[in-house]
Amino acid sequence: MDKRQIAYGDLMMLAATMIFGAMTIFSKQILAELEVFNMVALRFLIAFAACVLVFRKRYRRLDKETFLHSGVLGTFLFLSYLCMVLGCKYTTASNAGFMMSLVAFFTPLIILAQEHIVPGKVQIVSILVTLIGVGLMCLSPGFSLNKGDLICVMSAFFYSFQMLYTERYARLHDPVVLGTLQLPFVSVYGFIFALIFEDSFRLPVSGAGWWQLLYLALGCGALGFIFQTSAEKRSPAAHTTLIYASQPVFVALFSFLMLGEQISMRQIAGIALVFTGVWITVRPKKDDNDIIEKVTADAN
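Numbering-wise (my numbering), the sequence shown opens with residue 91 and increments by one.
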């Protein structure tokens, strides 16, 4: 890969992660007016409608394969979101944030199983440093696993597949079309689950509720996934998943800036470790072979 393209992809993934970090705050606020799947259905429907208006000319190149691949991504995205919502009912937001950072752990394992590529020493060190940092930020000294944590682990597992398949498919298709066409699939799943599990379907009743929904739709739902898909076309999974694992950092920063929540010295130390772990992987290198080592059939 061209190093400039990789650096550009890393910056786009960082931008997407920042957008997703703010999503947590707006999601908590809008859920005071809408039920979960009601919100998911509306959010992703509005996001897709906006994308069709802006990128309608690019959809003229849509083919069956792009449609099917977008469906795969949308399914993994919804499964991840579903597990996160269910998990948060039984655990704290901090624990859920840590469990979602396990995307950085699951991704190299899936790559090892599917492609016979093992993580190099540098990648292993960067993953450990990042997860320790997220742990310092999110976990309390008396932390113990409960069923909500395990469900959130499943959310990270499904999102690892979503990111891996995004990387593969983005090299085959227009990343804007691929990234936005997964949105209606999530919306349809949201409508179905809302009809089955929720009492009623409604719209926000306040101006603040509409602004929150529009940010979730246009910022997180449209722009965020366009950035993510475009980033994964340019950067390897070793970079994008580790950058995504830094999302709890931006949740903490936006909570401080927007809600006035305090950041402890423990969290500051965690933030420093997270950015150190990410930098270890994405820093400019003369040789990228310290990131991954290909395992061939005749390695022995």
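Using N, Cα and C, we set each Cβ at its ideal position, and we do this for glycine too.
With contacts defined by Cβ atoms closer than 8 Å, Ala-140 and Ala-342 do not form a contacting pair. Around the beta carbon of Ser-117, 16 or more other beta carbons lie within 10 angstroms, which makes this residue buried. A Cβ-Cβ separation of about 4 Å places Ile-109 in contact with Gly-314 under the 8 Å criterion. Taking all protein chains shown into account, Glu-205 has fewer than 16 neighbouring C-beta atoms within 10 Å of its C-beta and is therefore exposed. Residue state for Val-208 is assigned as strand, using DSSP reduced to three classes. Here DSSP, grouped into helix, strand and coil, assigns Ala-321 to helix. The beta carbon of Pro-265 sits closer than 6 Å to the beta carbons of Thr-319, Ser-320 and Lys-323 from its chain, once the five residues preceding and following it are set aside; these are given in chain order. DSSP places Tyr-98 in the uninterrupted alpha helix (DSSP H) bounded by 93-120.
Rounded to the nearest angstrom, the Cβ distance from Thr-371 to His-329 is 6 Å, consistent with a contact under 8 Å. Straight across, the Cα-Cα distance linking Met-348 with Lys-154 is about 43 Å. Within the same chain, Ile-120, Leu-124, Met-129, Leu-132, Arg-133, Ile-136 and Pro-294 come within 8 Å of Leu-303 by CB-CB distance, once the 5 residues on both sides are set aside.
At the C-beta level, Val-175 and Tyr-249 stay beyond 8 Å of one another. When the five nearest sequence neighbours on each side are left out, the beta carbons in the same chain lying within less than 8 Å of the beta carbon of Leu-226 are those of Arg-356, Gln-357, Ala-359, Gly-360 and Leu-363, in order along the chain. Of the other Cβ atoms in all chains shown, 16 or more fall within 10 Å of the Cβ of Ala-260; this residue is therefore buried. Taking the Cα of Ser-325 as reference, the smallest distance to any Cα among Pro-338, Glu-257 and Thr-220 is reached at Glu-257. Annotated as distal: Leu-163 and Gln-337, with beta-carbon spacing of 8 Å or more. Between Val-276 and the set Phe-127, Ala-112 and Gly-111, the nearest pair of CA atoms involves Phe-127. Distance check between Leu-167 and each of Gly-309, Gly-299, Leu-240 and Phe-247 places Phe-247 closest, using alpha-carbon atoms only. Here DSSP, grouped into helix, strand and coil, assigns His-263 to coil. The DSSP assignment places 183-190 and 193-205 as complete runs of the alpha helix (DSSP H) inside the segment 157-211, in order along the chain (cut-off: 4 residues). Per DSSP, the unbroken alpha helix (DSSP H) holding Ile-333 starts and ends at 327-334. Asp-289 counts as exposed, since fewer than 16 other beta carbons sit within 10 angstroms of its beta carbon. No residue range can be given for Phe-291, since it is assigned to no alpha helix (DSSP H) and is classified by DSSP as neither H nor E. Cβ-Cβ separation between Ala-112 and Phe-344: approximately 5 Å, consistent with a contact (criterion under 8 Å).
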